[in-house]
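J.: With UniProt numbering, you'll find the sequence shown wraps up at 217, consecutive numbering, no jumps.
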Amino acid sequence: FVSPVKFNVVAPSGLVYGLAGEDMLLPCVLEPRLSAEGMDVEWVTEDGGGVHVYKNKTDSLDEQDESYRGRTGLFREELRTGNVSLKLSPVRLSDANTYWCGVKADGRADDAKLKVIVNAVGSQPNISTEIHLNGSASLVCQSEGWYPEPSIEWLTSAGEVLPSGPVESSRTRDGFAVSRRVVIQESDGRVKCRVSSPNQTKEADAPREYQPFQDEK
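(1) In terms of residues, what are the limits of the beta strand (DSSP E) holding F176?
(2) Under 6 Å Cβ to Cβ from E31, same chain only, skipping five residues before and after it: list those, please.
(3) Would you call the CB atoms of G122 and G165 closer than 8 Å?
(4) Which whole-angstrom value is the C-beta distance of A105 and G38, which I expect to be below 8 Å?
(5) Are at least three pairs of beta-carbons, each pair with one atom in the stretch 82 to 89 and one in the stretch 19 to 27, less than 8 Å apart?
(6) Express the C-alpha separation of L133 and T172 in angstroms, rounding to a whole number.
(7) May I ask you to list the residues that DSSP assigns as paired with Y17?
(8) So W146 packs on S197, CB below 8 Å; how close in whole Å?
(9) So the candidates are E42, D47, N97, T98; which of them puts its Cα closest to the Cα of residue 235?
(10) If you drop the 5 nearest sequence neighbours on each side, which residues of the same chain put their C-beta closer than 6 Å to that of V29?
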């Protein structure tokens, strides 16, 4: 009688962050660091969706959900050191989920879970102009593809926040799209738009042709 190999599956207890469009590592290892080359490794989402399965020393993609096809992989050279982490690329907003990393060998099984948060950095702000019947001008700043929902504001060149219209925000498959208008005054000088999330800030200066007071004497 051969006793089962004793091991534990260990994954980070905190949140794991990914950025949409980039590669992402979902860490998971064996303790002690036994070789996992001859073990079964299965990655699934909390609701049971198949992410990646490794059996009989090969990847078994028949059990993989369509949304993960062509985007997952184990570090095959590192399986011998107990590294059963998963590479996910490119990351999508829909990949935000709780994942289970499970390993089976010689009658023993263990698993660990980790929670993945996916953020997205949006497009460079785009500035356009609206001329009103009374001759006044509004500048409109737009940006899309952000997650979580970003803030958007207008500032003077000195960094002072300008009174602006309400933020218009909508959710799309690729994240949040936001826009905001501002009525420019002669005293404002050059102005810029700033879009910010916890991960990134993007700014754009209004082009000179959209700032009719800039060159007036």
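The beta carbon of each residue, even a glycine, is placed where N, CA and C say it ideally should be.
Computed from a predicted model, the values in this text were never measured in an experiment.
T.: On the basis of the supplied data:
(1) Mapped onto the sequence shown, residue 176 falls at position 176. F176 -> beta strand (DSSP E) spans 175 to 183.
(2) The residue you call residue 31 lines up with position 31 of the sequence shown. Around E31: N8, V10.
(3) Taking the sequence shown and counting its residues from 1, one reaches residue 122 at position 122. Taking the sequence shown and counting its residues from 1, one reaches residue 165 at position 165. No, these two residues do not count as a Cβ contact at 8 Å.
(4) The residue you call residue 105 lines up with position 105 of the sequence shown. The residue you call residue 38 lines up with position 38 of the sequence shown. The Cβ separation is near 7 Å, so the contact holds.
(5) Between the stretch 82 to 89 and the stretch 19 to 27 there are three or more inter-stretch CB-CB distances shorter than 8 Å, so the stretches are counted as touching.
(6) As a working mapping, residue 172 is identified with position 172 in the sequence shown. As a working mapping, residue 133 is identified with position 133 in the sequence shown. If you take the alpha carbons of T172 and L133, they lie about 33 Å apart.
(7) Indexing the sequence shown from 1 puts residue 17 at position 17. Paired residues: I117.
(8) Locating residue 146 in the sequence shown gives position 146, where the first residue counts as 1. Locating residue 197 in the sequence shown gives position 197, where the first residue counts as 1. Indeed they touch by this definition, with Cβ atoms about 6 Å apart.
(9) As displayed, the chain neither begins before 1 nor continues past 217, which places residue 235 out of reach and without an answer.
(10) Here residue 29 is taken as the residue at index 29 of the sequence shown, counted from 1. Here the set comprises V10, G82, N83.
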